[in-house]
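Engineer:
Number of protein chains: 2
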Amino acid sequence: MKISAQEEYGLRCLVQLAGTSKDESLTLPQIAEREGISQSNAGKLMWLLNKAGFVTATRGTKGGYSLSRPAEDISLSEVIKVLEDDEVEAHCGSYTGVLDSCVHTGDCGIRSVIVGLHEVVQNALSNVSLAQLVGTEKKVDETFHRIQGLSQVAMIKDGRAVSE
Amino acid sequence: MKISAQEEYGLRCLVQLAGTSKDESLTLPQIAEREGISQSNAGKLMWLLNKAGFVTATRGTKGGYSLSRPAEDISLSEVIKVLEDDEVEAHCGSYTGVLDSCVHTGDCGIRSVIVGLHEVVQNALSNVSLAQLVGTEKKVDETFHRIQGLSQVAMIKDGRAVSE
DNA sequence: TCAAATCTTTACTTTTGAGTCAAGATTGCA
DNA sequence: TGCAATCTTGACTCAAAAGTAAAGATTTGA
């Protein structure tokens, strides 16, 4: 379970914009420099984010990119959904080994794990907004640890999960 | 955020063993056939799982693989930790763009997300055992949805997260 | 209108992960 | 002992993701 380069860099570019005052915009060279990536790469990412409606691009002198919506209203789950390139829906069609379709037809425990995991991740991400990533680590840490703690408690109280 | 081929197939091979009666073992050709992957690929995966101590391998005629511990005692979080090839600890050393180290030194909101996400996933997985994956989808679904529901409730009650 | 600044798009190259192959080592059985 | 079944290991090939490059399109301002 790993975040892809596209997800990470794309998110970072958005956070740069979120940290820029509302009436200003950032150009491709600026974004590239601030994130330590090439201008070409930044260009591709911003193109994706523009297509998805997160940013507005203006061409010509004095052009650049800015967020289309307030950073507070953009949740990470939306962003990641756009930046990740495969859908969970299609899962049974990938990882089919040497065959055309997955050997596990019908009732499949693995599938549940994949889907369940994706839900857990999306749920966690839906509780964090772009705006929260601008400042220090504290706010984010707090959010995740709250989710963390509660799940833990639930599992212990329930008791069945691990020792079933 | 995506599960790798190694994680998926490795897990599936283990589930095959978990579904085999305690005194029996499965050979490489058997595992490969049941999961629809090549024998070579299965060999590599089982070698990893053997090295990590999840399975015991016996060579020679009548040999094969079997679980080293009861399936009920093996949690998915342990398994995934072994099958995923990069550590979260090393995160700031990957995705450094064209530079040698990440441009975000010190206090970094992105890092929190990566680490927090990993914790959420590991926590969810620690509540599912190999044994639970053998049967139908129901048990797994239940577990994940329980985690899901509780996080959701917590966020709503708290209220700050999304609309801060 | 023209040139400079900027985004857009497609094609190409590089890198990394996935998968295969083949030779080697160990065990059981006749 | 010797052969057949089985796991082990490292090198190799292939495919997909990541990143780069270059030509094109749009806007602003002189």
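Chains as they are written, first to last, in the numbering used here: chain U, 1 to 164; chain L, 1001 to 1164.
By construction, the Cβ of each residue, glycine as well, lies at the ideal position given by its N, Cα and C atoms.
1) In this structure, does DSSP put residue 112 of chain U in helix, strand or coil?
2) Under 8 Å: do the region 20-40 of chain U and the region 90-107 of chain U share three or more Cβ pairs, one atom per stretch?
3) Could you tell me the alpha carbon to alpha carbon distance between residue 52 of chain U and residue 74 of chain U, rounded to whole angstroms?
4) Under 8 Å Cβ to Cβ from residue 1102 of chain L, same chain only, skipping five residues before and after it: list those, please.
5) Which parts of the region 1041-1089 of chain L are runs of the alpha helix (DSSP H), unbroken and 4 residues or longer, counting only runs that do not cross its ends?
6) Residue 79 of chain U CB to nearest chain L CB: under 7 Å?
7) Measuring straight from C-alpha to C-alpha, what distance separates residue 4 of chain U and residue 1061 of chain L?
8) Which residue wins for smallest C-alpha separation from residue 13 of chain U, given the options U:2, U:54 and U:118?
9) What does DSSP give as the partner residue(s) for residue 129 of chain U in the beta ladder?
10) Is it buried or exposed for residue 1111 of chain L, if we count other Cβ within 10 angstroms and need 16 for buried?
11) Per DSSP, residue 26 of chain U forms a beta bridge with which residues?
12) At the 7 Å Cβ level, is residue 1110 of chain L part of the contact set with chain U, yes or no?
13) I'd like to know if the region 1041-1052 of chain L and the region 114-124 of chain U are in contact, where contact means that at least 3 CB-CB pairs between them fall below 8 Å.
Structural biologist: Per the coordinate set shown:
1) helix
2) Flag = no, the region 20-40 of chain U and the region 90-107 of chain U do not touch.
3) 12 Å
4) 1092, 1093, 1095, 1096 and 1108
5) 1076-1083
6) no
7) 43 Å
8) When U:2, U:54 and U:118 are compared, the shortest CA-CA separation from residue 13 of chain U is found for U:54.
9) Answer is U:75, bridged to residue 129 of chain U.
10) buried
11) DSSP output for residue 26 of chain U lists U:65 as bridge partner(s).
12) yes
13) No, because fewer than three Cβ pairs between the region 1041-1052 of chain L and the region 114-124 of chain U fall closer than 8 Å, the two stretches do not touch.
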